[in-house]
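In terms of full-length UniProt numbering, the sequence shown has 390 at position 390, counting the first letter as 1, and numbering is strictly consecutive.
By construction, the Cβ of each residue, glycine as well, lies at the ideal position given by its N, Cα and C atoms.
Okay, structure first, notes after.
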Amino acid sequence: MELTGRGKTLLAVSAVVGLTALAVGEGDLLRAALLAAVAPLGGLLILRWTRPSLESNRVLNPPQVEAGQPTQVRLGIQNIGRRRPPALMLEDRIPYRLGNRPRLVLERLAPGARSVVNYTITPGTRGAYELGPLTVRTADPFGLAVSVQEFPVTTELVVTPRIQPLTSLLLPGGAGMSSGESAAHAVAITGNDDIAVREYRHGDDMRRVHWKASAHRGQLMVRREEQPWDNNAAVLLDVRRGAHRGELSSFEWMVDAAASATVRLARDGIDPWLITAHRDFECRQGDYSQAMRYLATVAAAPEAPIAHMVEKAQRPRSVSGIIALLGHLTPEEAAALGRLARRGGACTALIVDPVRWIPKAPTGRVDPREQAFAEQHRAAVLALSNAGWQVIPVVAGTELRRVWTRLGAWRTLA
Numbered sequence: 001m002e003l004t005g006r007g008k009t010l011l012a013v014s015a016v017v018g019l020t021a022l023a024v025g026e027g028d029l030l031r032a033a034l035l036a037a038v039a040p041l042g043g044l045l046i047l048r049w050t051r052p053s054l055e056s057n058r059v060l061n062p063p064q065v066e067a068g069q070p071t072q073v074r075l076g077i078q079n080i081g082r083r084r085p086p087a088l089m090l091e092d093r094i095p096y097r098l099g100n101r102p103r104l105v106l107e108r109l110a111p112g113a114r115s116v117v118n119y120t121i122t123p124g125t126r127g128a129y130e131l132g133p134l135t136v137r138t139a140d141p142f143g144l145a146v147s148v149q150e151f152p153v154t155t156e157l158v159v160t161p162r163i164q165p166l167t168s169l170l171l172p173g174g175a176g177m178s179s180g181e182s183a184a185h186a187v188a189i190t191g192n193d194d195i196a197v198r199e200y201r202h203g204d205d206m207r208r209v210h211w212k213a214s215a216h217r218g219q220l221m222v223r224r225e226e227q228p229w230d231n232n233a234a235v236l237l238d239v240r241r242g243a244h245r246g247e248l249s250s251f252e253w254m255v256d257a258a259a260s261a262t263v264r265l266a267r268d269g270i271d272p273w274l275i276t277a278h279r280d281f282e283c284r285q286g287d288y289s290q291a292m293r294y295l296a297t298v299a300a301a302p303e304a305p306i307a308h309m310v311e312k313a314q315r316p317r318s319v320s321g322i323i324a325l326l327g328h329l330t331p332e333e334a335a336a337l338g339r340l341a342r343r344g345g346a347c348t349a350l351i352v353d354p355v356r357w358i359p360k361a362p363t364g365r366v367d368p369r370e371q372a373f374a375e376q377h378r379a380a381v382l383a384l385s386n387a388g389w390q391v392i393p394v395v396a397g398t399e400l401r402r403v404w405t406r407l408g409a410w411r412t413l414a
């Protein structure tokens with residue numbers, strides 16, 4: 001309990017007036033000063049007598065939301081004491097990114113009574129936010145003294161990236177098919193010899209050419225190692241800090257794209273496999289909650305080599321296709337990614353253009369650093385394309401839904 005600014009001012013003025021009254025011998029003025037001093041001190045006594053005994057809880061509905069979507073916060077307050085306290089002033093501490101702190105007033109609670117107040121917040125950016133602690137204030141009738149109680153319990157709000165509406169994709173083997181249907185589809189294409197084939201790519205061994213399938217399709221087809229067919233797709237997310245531009249705005253674009261692609265694939269009956277240099281999540285039977293929880297808080301890291309991501313993606317299992325969301329690449333990194341295309345399936349890379357991500361006004365001078373970035377970018381795009389990847393450059397302002405429709409490599413093998 002403590003005096004408010006008003007109470008402290010009144011007490012100080014009372015003291016000054018009282019001392020002045022003593023000095024000049026003004027008894028009436030002295031009595032008035034003493035009476036004025038009693039008010040703030042009496043306020044403290046009143047609050048001490050009526051100090052509430054409270055319990056509180058906080059419930060979020062829902063506790064995990066997409067950025068830009070609202071969530072309701074429900075605060076429950078119960079008076080477990082024997083006295084009816086003055087009106088309660090509630091203030092819930094929330095991060096500044098979520099807006100101003102909500103301030104609510106709760107009427108006097110009878111002993112044993114419980115009341116619930118609600119407020120709504122709409123987070124604009126992804127992340128994990130701690131709501132709380134809750135502060136409850138009570139004041140005397142004149143606002144001269146205040147009692148403050150803090151409830152230290154906090155509640156976590158998880159805000160996932162924005163999910164953009166994307167069109168359905170048809171994957172090699174048939175989107176949304178069961179594993180048996182996919183296998184039957186592959187046999188129908190390659191014949192009854194149970195050999196899986198794919199289109200010839202630059203660098204393939206000519207001894208693996210399947211001439212019967214090539215004649216049937218009218219283009220060179222090569223055998224690929226037989227693997228158990230899974231109706232799934234890998235989503236690769238580049239989290240290297242140095243590979244992104246625009247104060248990491250390109251990284252945030254890629255995170256939103258990874259979340260949107262994961263949700264779209266899962267809704268199409270395809271199991272997404274989210275892969276970064278540090279973590280990977282296999283989303284089975286449409287459950288992508290763990291992947292979304294990770295994407296809510298993933299941060300760009302100084303050490304996240306492309307090789308680590310490629311190593312995870314090269315596990316001994318088949319995938320229907322790969323979507324790679326990449327920052328700036330060197331030709332060597334592109335060559336490492338190129339090896340993934342040899343496993344079969346459609347491979348599409350959305351790559352940040354390091355020079356065009358944030359356009360600059362022409363100055364007539366050539367920046368050697370930007371020129372080097374541009375040359376590396378062109379070489380990396382060429383290396384991926386030669387390896388069989390579909391490459392789509394991404395610049396600031398690119399709309400994911402428009403890029404998504406360009407994933408022409410993702411089609412059935414009919």
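Let's test the definition: count the other Cβ atoms within 10 Å of the Cβ of residue i and tell me whether it reaches 16, buried, or not, exposed.
| i | result |
| --- | --- |
| T297 | exposed |
| V136 | buried |
| T20 | exposed |
| G112 | exposed |
| E303 | exposed |
| A301 | exposed |
| W49 | exposed |
| A15 | exposed |
| S320 | buried |
| L45 | exposed |
| G7 | buried |
| residue 434 | Not covered by the structure: residue 434. The range shown for the chain is 1 to 414. |
| A277 | buried |
| T138 | buried |
| D367 | exposed |
| W404 | buried |
| L34 | exposed |
| A110 | exposed |
| P70 | exposed |
| V73 | buried |
Checking the sheet assignment: what are the DSSP bridge partners for residue i?
| i | result |
| --- | --- |
| S56 | I77 |
| L265 | DSSP lists no partner for L265. |
| F281 | L274 |
| L390 | Here the sequence assigns Gln to residue 390, which means Leu is not the residue at that position. Beta-bridge pairing links Q390 to T348. |
| T398 | Beta-bridge pairing links T398 to no other residue. |
| S147 | T138 |
| Q72 | N61 and T120 |
| T125 | Paired residue(s): none; T125 is not in a bridge. |
| E199 | M221 |
| T155 | L131 |
| M89 | V105 and R137 |
| A233 | P272 and G321 |
| T160 | E66 |
Comparing alpha-carbon positions, which option in the options lies nearest residue i?
| i | options | result |
| --- | --- | --- |
| A257 | L274, A304 and K312 | L274 |
| N79 | G99, A128, H216 and R108 | R108 |
| R84 | A277, M292, R114 and A15 | R114 |
| P52 | A67, A23, R82 and V24 | R82 |
| A349 | R406, Q376, L47 and E375 | R406 |
| D92 | S56, G242, V235 and E252 | S56 |
| S250 | D353, H216 and R315 | D353 |
| C283 | R97, A261 and H308 | A261 |
| G89 | L75, R97 and P95 | Before going further, note that residue 89 is Met rather than Gly in the sequence given. Looking at the Cα atoms, L75 is the closest of the given residues. |
| G99 | F373, I77 and L131 | L131 |
| I94 | A291, A87, G18 and R58 | R58 |
| L236 | A259, L3, T4 and W211 | A259 |
| E370 | N118, R245 and R208 | R245 |
| A396 | A372, I358, G68 and E199 | I358 |
| G338 | D367, L248, I306 and V355 | I306 |
| A291 | A139, A266, R315 and Q69 | A266 |
| R264 | G242, R240, Q219 and I323 | I323 |
| V255 | T155, L400 and Q314 | L400 |
| M1 | P40, V65, E333 and M206 | P40 |
| Q64 | E156, A380, C347 and T167 | E156 |
| V239 | V222, Q219 and R279 | R279 |
| R97 | G68, A313 and V117 | G68 |
| residue 430 | V403, D268, A23 and L340 | Nothing can be reported for residue 430: it is not among the residues displayed for the chain, which extend from 1 to 414. |
| Q356 | C347, R342, R378 and V17 | The identity of residue 356 in the sequence shown is Arg, whereas the question assumes Gln. Closest by alpha carbon: R378. |
| V391 | H308, R223 and I351 | I351 |
| G345 | D268, Y200, S147 and M206 | Y200 |
| residue 426 | A335, A336, P62 and W253 | Lying outside 1 to 414, the shown extent of the chain, residue 426 is not represented and no answer is given. |
| R208 | E26, V197 and V222 | V222 |
Can a CB atom of chain B be found closer than 8 Å to the CB of residue i?
| i | result |
| --- | --- |
| V153 | Included in the structure is just one protein chain, with no chain B present. |
Segment contact, 8 Å Cβ cut-off, at least three pairs: the region 322-338 with the region 379-386 | Contact holds: three or more Cβ-Cβ distances are below 8 Å.
Do the region 139-153 and the region 120-129 touch if we need at least three Cβ pairs shorter than 8 Å?
-> In short, these stretches do not touch, since the Cβ pair count stays below three.
Meets three-Cβ-pair contact criterion under 8 Å: the region 94-108 and the region 229-246 | With a cut-off of 8 Å, the region 229-246 and the region 94-108 do not count as touching, because too few Cβ pairs lie within range.
Please determine if the region 282-298 and the region 148-166 are in contact, where contact requires at least 3 C-beta pairs separated by less than 8 Å.
-> The region 282-298 is in contact with the region 148-166.
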